[in-house]
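A.B. asks: Residues 30 to 263 (this note's numbering) are what the sequence shown spells out, left to right. Can you read through this structure? Questions will come right after.
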Amino acid sequence: MAKNALLNLYLLAFNGASCAGWAYVLYLTVSTVLKAHEAGQDWNEVAQSTWDVVSFPLKVVQTMAVMEIVHAAVGFVRSPLGSTLMQVSSRLWLVWAINVLCPVSRYQFGFPLMVASWGLVEVPRYSFYALNLYNAVPGFLFFLRYHLFMVLYPSGVLGEVLCMVSGEVLCMVSSLSFLSTGAYAIQLPNTHNISISLYVVVILVLLVYVPGLPVMYGHMLTQRNRAYSKTKTA
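Below, the structure written as structure tokens:
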């Protein structure tokens, strides 16, 4: 009993901190976008202002999510390890390998769209996890947890991968022209006798990203159905 109580306290602290972190990122994103838009900035300038404000807390709170992989691996939570690993690693890839390394990826509409979509999903999700430890989830939070993703997952994906109607490209795609110059590539000759091009890596990630989207979306729909089936049998 004492062990479970300590574990619940730890998970409560982790989920509470993650929720607070994402709420802060979401607040900064929305307030910055509104202020920049009112100032007459175009979307490229709005996105740049957003990155300047949210980059540090975004990197911190998203990197914290690595612990979710650990929690699933050691059995602290019942989340499937595979889907947790896929979701967290894709987010880390976007933040650290794309947004941080490729400035062009964060100076357009796709960046604030991506971050806002993430934040709107993560605040209810971590709140749900924290309260569910003590069976104290209110009905409205249950609804948000299992319905928001149906809209926000596609909008987040749009911010990550797809092209916009104005001809500007979004985060991952926009980085390709920058990376094609050989930036961040490991080229021969070198001590380890290997050659790695981040440009090629991004293309490969994009090729597996699209097929992976319906898999993740289907997984979330399955979770939703299971959650509602439990409420009917309770």
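For each residue, glycine too, the CB sits at the ideal point set by N, CA and C. It should be emphasised that the depicted structure is a prediction, and the values quoted were computed from it without experimental measurement.
In chain order, what residues of the same chain lie with their CB nearer than 6 angstroms to the CB of residue 61, ignoring the 5 residues before and after it?
C.D. replies: Excluding sequence neighbours, residue 61 sits near 78, 79 and 82.
A.B. asks: Quick check: the Cα distance between residue 135 and residue 92, rounded to an integer number of angstroms?
C.D. replies: If I take the Cα positions, the gap works out to 18 angstroms.
A.B. asks: Less than 8 angstroms between the CB atoms is what I'm expecting for residue 148 and residue 58, so what's the real figure, rounded?
C.D. replies: Rounded, the Cβ-Cβ distance is 6 angstroms, consistent with contact.
A.B. asks: Leaving aside the five residues before and after residue 44 along the sequence, list all residues of the same chain whose C-beta is less than 7 angstroms from its C-beta, in chain order.
C.D. replies: Correct list, in chain order: 155, 158 and 159.
A.B. asks: Would you mind stating whether residue 144 and residue 75 have Cβ atoms separated by less than 8 angstroms?
C.D. replies: Against a cut-off of 8 angstroms, the Cβ pair of residue 75 and residue 144 comes out as no contact.
A.B. asks: In three-state DSSP terms, what is residue 120?
C.D. replies: DSSP places residue 120 in helix when its eight states are reduced to three.
A.B. asks: For residue 286 versus residue 118, is the C-beta distance shorter than 8 angstroms?
C.D. replies: No answer is possible for residue 286: the residues shown for the chain start at 30 and end at 263.
A.B. asks: What whole-angstrom Cβ distance do residue 138 and residue 72 have, given they're in contact under 8 angstroms?
C.D. replies: The pair is a contact, with the Cβ atoms about 4 angstroms apart (cut-off 8 angstroms).
A.B. asks: For residue 186, collect the residues of the same chain with a Cβ closer than 8 angstroms to its Cβ; drop the 5 residues on either side in sequence, then sort them by chain order.
C.D. replies: Same-chain partners within the cutoff: 242.
A.B. asks: Rounded to the nearest angstrom, what separates residue 110 and residue 103 at their Cα positions?
C.D. replies: Answer to the nearest angstrom: the Cα atoms are 10 angstroms apart.
A.B. asks: Give me the Cα-Cα distance between residue 246 and residue 182, rounded to the nearest whole angstrom.
C.D. replies: For residue 246 and residue 182, the distance between alpha carbons rounds to 8 angstroms.
A.B. asks: Please go through the same chain and pick out, in chain order, the residues whose beta-carbon is closer than 7 angstroms to the beta-carbon of residue 141, but skip the five residues on each side of it.
C.D. replies: Taken in chain order, the residues that qualify are 58, 62, 75, 76 and 79.
A.B. asks: I'd like to know whether the C-beta atoms of residue 105 and residue 173 end up nearer to each other than 8 angstroms.
C.D. replies: No, the Cβ-Cβ distance between residue 105 and residue 173 is not below 8 angstroms.
A.B. asks: Applying the 10 Å Cβ sphere with the 16-neighbour rule, what's the burial state of residue 100?
C.D. replies: When all chains shown are included, residue 100 counts as buried.
A.B. asks: Which of the three DSSP states, helix, strand or coil, is assigned to residue 107?
C.D. replies: Residue state, collapsed to three classes: coil.
A.B. asks: Spatial neighbours of residue 88 within its chain, please: C-beta separation below 8 angstroms, excluding the five flanking residues on both sides.
C.D. replies: Answer for residue 88: 124, 125 and 129, listed in chain order.
A.B. asks: Please tell me whether, using a cut-off of 7 angstroms, the distance from the CB of residue 118 to the nearest non-hydrogen atom of the ligand SAH is below it.
C.D. replies: Of ligands this structure carries none, so the ligand SAH is not represented either.
A.B. asks: For residue 150, count neighbouring Cβ atoms within 10 angstroms of its own Cβ and tell me buried if that reaches 16, exposed if not.
C.D. replies: By the neighbour-count rule (16 or more Cβ atoms within 10 Å), residue 150 is buried.
A.B. asks: Report all residues from its chain with a CB closer than 8 angstroms to the CB of residue 47; omit the five preceding and five following residues, and keep chain order.
C.D. replies: Cβ within range, chain order: 90, 93, 94, 151 and 155.
A.B. asks: Return helix, strand or coil for residue 192, following the three-state DSSP convention.
C.D. replies: Any reading at residue 192 must be qualified, since the residue scores a pLDDT of 34, below 50, and its modelled position is unreliable; the value itself is stated next. Strand, per DSSP.
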